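**Q** One structure coming up, written as structure tokens, with questions to follow.
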Amino acid sequence: MKIDINSDIGEGFGRWRLCDDAALMALISSANVACGFHAGDAVIMTDMAAQARARGVALGAHVGLPDLLGFGRVPMKIDPHDMRKHALYQLGALSAIAKAEGYKVTHAGTHGVFGMMSRETPEYLQLIFDAFKAYDPDIIVPGEPGSPWQAYARKIGLRTVGRIYADRAYEEDGSLVSRKKQGAVINDLDQIAARASQFLNDGTVTAITGKRIKLDAKSILVHSDTPGSVEIAKTLRDTIERGGGQVTPLTELVE
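With my numbering, the residue at position 244 of the sequence shown is 388, and numbering never jumps.
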């Protein structure tokens, strides 16, 4: 089985780093790089693009709200059309850096509240995805299996790959458990290995209620801000490879 290991990455700023990005980049096959709004800056973005190119890791834009202090997780009232502009601005920044490094942005997604707003309000969703398509009609949009996110991407002709989360708990309906609830974030390595093995074997994950749910996905994401993210990615990769799987960039798994 071919499967992508995806990670939000480059989420530091200035001299501060959220995690060991280089160690994480060595373990993944697709990277979602912060584009300077919720995290990241020109130096970090350039470093991430160069590392991705050197390792053959697919390079993606991780666009968020202009909220460095709140890490893109503070709700804001923003005109929907301005959200489109914010998305294009960030795509353009990473694209210019990638081009200078001899590489290309292949996929895009949203971070934190930016993503929550797009999922909860159809107009936000449409305008953000329209921004993705305006930037590049061939861009790939990873998304939660069966979500309005995936459905709208397909509706407007964007390519998509189903994605699950290694470090987040699920509700029975396939949605993520709110970070405000106990057990929402998973960083126990044995539990993560077991979850990965289960998904590779039968395409299911166990919801927080104990019920197994089927999810159609080819990508597994690790959040770089989850404590122990590098160890989580290593555990995930080891589990996949021991099970006979092949870690593959999402550009090779797109529908």
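Idealized CB from N, CA, C, for every residue including glycine. Quick caveat, the model's predicted, so the values are computed rather than measured.
Does the ligand NAD have a heavy atom nearer than 7 Å to the CB of A297?
**A** Looking for the ligand NAD in the displayed structure turns up nothing, as the structure carries no ligands at all.
**Q** Closest to Q335 by CA distance: which of A297, I308, R217 and L380 is it?
**A** The sequence position of residue 335 within the sequence shown is 191, counting from 1. Of the candidates A297, I308, R217 and L380, the one whose C-alpha sits nearest the C-alpha of Q335 is L380.
**Q** Determine contact between the stretch 259-268 and the stretch 297-304, defined as no fewer than three beta-carbon pairs at a distance below 8 Å.
**A** No: fewer than three Cβ pairs fall under 8 Å.
**Q** Taking only runs of the beta strand (DSSP E) that begin and end inside the stretch 236-283, which ones reach a length of at least 3 residues, in chain order?
**A** Entirely contained in the stretch 236-283, the beta strand (DSSP E) runs reaching 3 residues are, in chain order, 249-254.
**Q** In chain order, what residues of the same chain lie with their CB nearer than 7 Å to the CB of S368, ignoring the 5 residues before and after it?
**A** The residue given as residue 368 occupies position 224 in the sequence shown. Excluding positions up to five away in sequence, the list reads S151, D152, I153, E155, L162, C163 and L168.
**Q** Going by other Cβ atoms of all chains shown within 10 Å of its Cβ, with 16 needed for buried, is Q294 buried or exposed?
**A** To locate residue 294, count along the sequence shown from 1; it is residue 150. With 16 or more other Cβ atoms within 10 Å, it is buried.
**Q** By Cβ distance below 8 Å, which residues in the same chain neighbour K253 in space, the five residues on each side in sequence not counted?
**A** Numbered from its first residue, the sequence shown carries residue 253 at position 109. A small correction: the amino acid at residue 253 is Gly; Lys does not occupy that position in the sequence shown. Around G253: N176, G204, A205, H206, V207, G259, V285, P286 and G287.
**Q** Kindly identify the DSSP beta-bridge partner or partners of G287.
**A** Reading the sequence shown from its first residue, position 143 is the one you call residue 287. According to DSSP, G287 bridges with G306.
**Q** By DSSP, does I188 sit in helix, in strand, or in coil?
**A** Position 44 of the sequence shown, counted from the start, is the residue given in the question as residue 188. Note: I188 maps to helix in three-state DSSP.
**Q** Can you find the residues in the same chain that come closer than 8 Å, C-beta to C-beta, to G216, ignoring five residues on each side of it along the sequence?
**A** In the sequence shown, the residue the question calls residue 216 occupies position 72. So the qualifying residues of the chain are F181, H182, A183, G208, L209, H255, G256, V257 and F258.
**Q** Pull up the distance between the alpha-carbon of G377 and that of V391, whole angstroms please.
**A** Residue 377 sits at position 233 when you count from the first residue of the sequence shown. Residue 391 sits at position 247 when you count from the first residue of the sequence shown. Rather than Gly, the amino acid found at residue 377 in this sequence is Ala. One C-alpha to the other measures close to 12 Å.
**Q** Take E396 as the anchor and find which of D346, F343 and V305 has the nearest alpha-carbon.
**A** Locating residue 396 in the sequence shown gives position 252, where the first residue counts as 1. The shortest C-alpha separation from E396 is found at V305.
**Q** In or out: T383 buried (at least 16 other Cβ within 10 Å) or exposed?
**A** Taking the first residue of the sequence shown as 1, we reach residue 383 at position 239. Buried is the call here.
**Q** Let me know if L213 comes out buried or exposed under the rule of 16 or more other beta-carbons within 10 Å of its beta-carbon.
**A** Residue 213 sits at position 69 when you count from the first residue of the sequence shown. L213 comes out exposed.
**Q** Return the Cβ separation of G389 and L359 in integer angstroms, given the expectation that the two are a contact with Cβ distance under 8 Å.
**A** Taking the first residue of the sequence shown as 1, we reach residue 389 at position 245. Taking the first residue of the sequence shown as 1, we reach residue 359 at position 215. With a Cβ gap of about 16 Å, G389 and L359 do not count as contacting.
**Q** Please classify T353 as buried or exposed, where buried requires at least 16 neighbouring CB atoms within 10 angstroms.
**A** Translated into the one-based positions of the sequence shown, residue 353 becomes position 209. Exposed, because fewer than 16 other Cβ atoms sit within 10 Å of the Cβ of T353.
**Q** Identify the residues that DSSP records as bridge partners of H206: which are they?
**A** For the purposes of this step, residue 206 is taken as the residue at position 62 of the sequence shown. Answer is A178 and G253.
**Q** Taking all protein chains shown into account, do 16 or more other C-beta atoms lie within 10 angstroms of the C-beta of M220, making it buried, or fewer, making it exposed?
**A** For the purposes of this step, residue 220 is taken as residue 76 along the sequence shown, with counting starting at 1. Exposed, since its Cβ has fewer than 16 Cβ neighbours within 10 Å.
**Q** Whole angstroms are fine: how far does the CA of L235 sit from the CA of R228?
**A** Along the sequence shown, one-based indexing puts residue 228 at 84. Along the sequence shown, one-based indexing puts residue 235 at 91. In a straight line, the C-alpha of R228 is about 11 Å away from that of L235.
**Q** Which same chain residues, not among the five before or five after E315, have their C-beta less than 7 Å away from its C-beta?
**A** As a working note, residue 315 is residue 171 in the sequence shown. These residues qualify, in order along the chain: V321, A351 and I352.
**Q** Can you check the stretch 291-346 for any alpha helix (DSSP H) of at least 4 residues that lies completely inside it and give the ranges in chain order?
**A** Correct list: 292-299 and 333-346.
**Q** Determine the closest residue to A166 out of I272, D191 and T370, with distance taken between C-alpha atoms.
**A** The residue you call residue 166 lines up with position 22 of the sequence shown. It is D191 whose Cα lies nearest to the Cα of A166.
**Q** Report buried or exposed for K362, applying the criterion of at least 16 other Cβ atoms within 10 angstroms of its Cβ.
**A** Within the sequence shown, residue 362 is the residue found at index 218, counting from 1. Per the 10 Å Cβ criterion, buried.
**Q** Would you call V398 buried or exposed, if buried means 16 or more other Cβ atoms sit within 10 Å of its Cβ?
**A** As a working note, residue 398 is residue 254 in the sequence shown. Per the 10 Å Cβ criterion, buried.
**Q** Below 8 Å CB to CB, which residues in the same chain sit around M189 once its five sequence neighbours on both sides are set aside?
**A** Residue mapping note: residue 189 aligns to position 45 of the sequence shown, counting from 1. Excluding positions up to five away in sequence, the list reads G154, V177, A178, C179, G180, A237, L238 and I241.
**Q** My output table needs one value for R161: the three-state DSSP class, helix, strand or coil.
**A** Mapped onto the sequence shown, residue 161 falls at position 17. Note: R161 maps to coil in three-state DSSP.
**Q** For H225, collect the residues of the same chain with a Cβ closer than 7 Å to its Cβ; drop the 5 residues on either side in sequence, then sort them by chain order.
**A** Numbered from its first residue, the sequence shown carries residue 225 at position 81. Closer than 7 Å at Cβ, skipping near neighbours: L271.
**Q** Go through its chain and collect everything with a Cβ distance to P281's Cβ below 8 Å, but skip five positions before and after it.
**A** The sequence position of residue 281 within the sequence shown is 137, counting from 1. These residues qualify, in order along the chain: G301 and L302.
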